[in-house]
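Following the working numbering, the numbering of the sequence shown begins with 4 at its first residue and continues without gaps.
Each residue gets a CB set at the ideal place from its N, CA and C atoms; glycine is no exception.
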Amino acid sequence: MDGALAQALNRNRMRVLHCIPSMEGGGAERQLTYLARGLREIGCDVHVALQRGGPNLSALRDAGATIHELGLRGNHDVRLLHRLLRVISAVQPDVIQCWLTQIQVVGGVAAVMARRPWVFSERSSGIAYPPGVKNALRVRIGALASAIVSNSASGDQYWAPRARRGVRRYIIPNGLPLDDIAAVSPATSRELDLAPREAFVLFAGRLDEKKNAATFVRALSRVRFAAPFRAMICGQGPQSGEIARLITNLGLEGRVELTGYTPDLWRLMKRANILVSTSRCEGNPNVVLEAMACGCPLIVSDIPAHLEFLDERSALIVPVDDVDGVATSMASVIERPHEAAARARAAVTLSARHSIHGMAQQYARVYDDAVSHVERPKSAVA
Numbered sequence: 004m005d006g007a008l009a010q011a012l013n014r015n016r017m018r019v020l021h022c023i024p025s026m027e028g029g030g031a032e033r034q035l036t037y038l039a040r041g042l043r044e045i046g047c048d049v050h051v052a053l054q055r056g057g058p059n060l061s062a063l064r065d066a067g068a069t070i071h072e073l074g075l076r077g078n079h080d081v082r083l084l085h086r087l088l089r090v091i092s093a094v095q096p097d098v099i100q101c102w103l104t105q106i107q108v109v110g111g112v113a114a115v116m117a118r119r120p121w122v123f124s125e126r127s128s129g130i131a132y133p134p135g136v137k138n139a140l141r142v143r144i145g146a147l148a149s150a151i152v153s154n155s156a157s158g159d160q161y162w163a164p165r166a167r168r169g170v171r172r173y174i175i176p177n178g179l180p181l182d183d184i185a186a187v188s189p190a191t192s193r194e195l196d197l198a199p200r201e202a203f204v205l206f207a208g209r210l211d212e213k214k215n216a217a218t219f220v221r222a223l224s225r226v227r228f229a230a231p232f233r234a235m236i237c238g239q240g241p242q243s244g245e246i247a248r249l250i251t252n253l254g255l256e257g258r259v260e261l262t263g264y265t266p267d268l269w270r271l272m273k274r275a276n277i278l279v280s281t282s283r284c285e286g287n288p289n290v291v292l293e294a295m296a297c298g299c300p301l302i303v304s305d306i307p308a309h310l311e312f313l314d315e316r317s318a319l320i321v322p323v324d325d326v327d328g329v330a331t332s333m334a335s336v337i338e339r340p341h342e343a344a345a346r347a348r349a350a351v352t353l354s355a356r357h358s359i360h361g362m363a364q365q366y367a368r369v370y371d372d373a374v375s376h377v378e379r380p381k382s383a384v385a
């Protein structure tokens with residue numbers, strides 16, 4: 004920790020309240036568990052207000068965060084604002100950070116009403132926000148934040164013309180628990196029921212239009228006659244049924260498994276011959292970063308979020324929605340494993356930049372700056 008930051012935290016232990024809809028299995032929720040751990044390690048008092056739990060809730064508790072469950076029926080429960088204001092009054096945070104659209108709007112209003120500095124957390128990029136009332140309201144409230152922190156340059160570019168003049172914007176990439184990842188052993192071929200020469204191909208992410216698992220499945224159907232493989236799709240979402248039907252229609256049953264949410268993903272990454280990310284948009288993608296740290300060869304779409312930290316020396320890069328390109332790249336990795344291993348080693352080196360400690364230090368500077376320099380609004384949102 005640098006001297007100025009240590010002095011700021013020692014003057015008055017920074018108390019941070021994070022507001023998030025749930026602790027489901029998504030990347031933002033996982034990043035909050037990492038950030039809470041890192042902030043606690045550098046002396047912050049971390050509180051989290053949430054509407055419901057999820058697979059990442061136990062990790063958040065293990066990180067030392069104080070949990071405030073709001074006890075609401077859903078994202079549109081009219082009591083949300085009142086409950087958040089009650090938590091803010093009880094916790095008396097120095098700064099508030101709001102995660103994900105479902106709670107960013109109401110959380111931002113609550114922070115303004117309570118006259119607390121607050122941080123808007125941008126986890127994606129512009130293409131994720133089509134025109135509409137919900138996204139327009141999100142922008143209007145986000146523009147009132149004390150600071151906007153994006154986890155990618157693409158996210159920051161989205162806010163550059165939208166944030167009010169004078170709001171401070173920052174880019175803080177996602178952190179990784181590098182020591183935890185290094186300690187995990189790979190899954191075995193026996194566990195995965197792999198034949199001696201079968202390649203293991205992995206996809207992980209929410210099953211929705213943005214993550215684009217359908218392109219991955221269609222590419223697998225074109226590889227099946229060129230190389231023996233087994234594939235696993237880890238995740239769930241609104242397209243789960245559609246992806247299951249596509250697997251059946253393409254004759255891939257028995258070769259492609261849908262697992263739903265998978266807690267031991269690092270073990271799979273360490274055994275996989277390839278991880279494929281066919282996303283149409285991202286922020287700073289957890290799955291790809293974790294695969295890098297696991298030494299798993301990568302095939303990624305050529306979206307700006309991937310190209311911020313990967314190039315042809317560390318991954319195979321294909322155009323978005325290019326089924327043939329993904330299929331050809333998968334066959335290349337399977338047929339030329341030494342080249343794939345060299346790219347994976349380069350990616351491991353890049354992943355070392357993403358420590359939790361470094362991420363937490365950057366956020367602590369943002370909080371200190373918000374508390375010290377940003378003028379609090381004088382009235383509630385009209």
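| Check | Outcome |
| --- | --- |
| Endpoints, beta strand (DSSP E) assigned at R18 | 18-23 |
| Cα-Cα separation, A383 to V112 | Note on A383: pLDDT 33, under 50, position unreliable in the model; the coordinate value appears next. Near 7 Å, if we compare the C-alpha coordinates of V112 and A383. |
| Which of helix, strand or coil DSSP assigns to F312 | coil |
| Every unbroken beta strand (DSSP E) within the region 265-352, with a cutoff of 3 residues, ordered by chain | 277-280, 301-304, 319-321 |
| Cβ neighbour criterion (16 or more within 10 Å) applied to R16 | exposed |
| Reference S128, options S25, L103, L84, W121, closest by Cα | L103 |
| First through last residue of the alpha helix (DSSP H) which encompasses T218 | 216-226 |
| Inter-residue spacing [alpha-carbon to alpha-carbon] between A347 and R40 | 28 Å |
| Secondary structure of D183, DSSP reduced to three states | helix |
| Nearest-angstrom Cβ-Cβ length linking V279 and I302, presumed shorter than 8 Å | 5 Å |
| Contact set for V369: own chain, Cβ-Cβ below 7 Å, skip 5 residues either direction | V122, A150, V152, Y173 |
| Rounded straight-line distance, which links the Cα of Q105 to that of E72 | 15 Å |
| Contained alpha helix (DSSP H) runs [length at least 4] in the region 152-206, N- to C-terminal order | 156-162, 181-186, 192-195 |
| Distance between A190 and R168 (C-alpha atoms, nearest Å) | 51 Å |
| Contacting residues, own chain, Cβ-Cβ under 7 Å from M4 (five flanking each side not counted) | Because the pLDDT at M4 is just 47, under 50, the model does not fix this residue reliably, and the point stays unresolved. |
| CB contact flag (F219, V226, <8 Å) | no |
| Span separating the alpha-carbon of G178 from that of S354 | 9 Å |
| Alpha-carbon to alpha-carbon, L83 and L205 | 38 Å |
| Meets three-Cβ-pair contact criterion under 8 Å: the region 288-307 and the region 28-39 | yes |
| Reduced DSSP secondary structure (H/G/I, E/B, other) of M116 | helix |
| Of the listed residues H309, R43, L319, nearest to S155 (C-alpha basis) | H309 |
| I91 versus F228 - alpha carbon distance | 59 Å |
| For D65, the first and last residue of its enclosing alpha helix (DSSP H) | 60-65 |
| Alpha-carbon to alpha-carbon, V136 and G67 | 37 Å |
| Three-state secondary structure (DSSP) of L73 | coil |
| Where S209 falls, given that 16 or more other Cβ within 10 Å makes a residue buried | At residue 209 the sequence reads Arg, which differs from the Ser that was named. Burial call: buried. |
| Under 8 Å between C-beta atoms of Y366 and L20 | no |
| From A217, G361, E125, P133, residue whose alpha carbon lies closest to that of G158 | E125 |
| Enclosing beta strand (DSSP E) for Q100 [first to last residue] | 98-102 |
| Local Cβ density within 10 Å of A385, reported as buried at 16 or more and exposed below that | Bear in mind that the predicted position of A385 carries a pLDDT of just 28, short of 50, making it unreliable; the figure below should be weighed with that in mind. Its Cβ having fewer than 16 others within 10 Å, A385 is exposed. |
| Alpha-carbon spacing of R119 relative to A62, whole angstroms | 27 Å |
| DSSP-derived helix/strand/coil call for L255 | coil |
| CB contact below 8 Å: A363 versus chain C | Judged by its chain identifiers, the structure shown contains no chain C, having just a single protein chain. |
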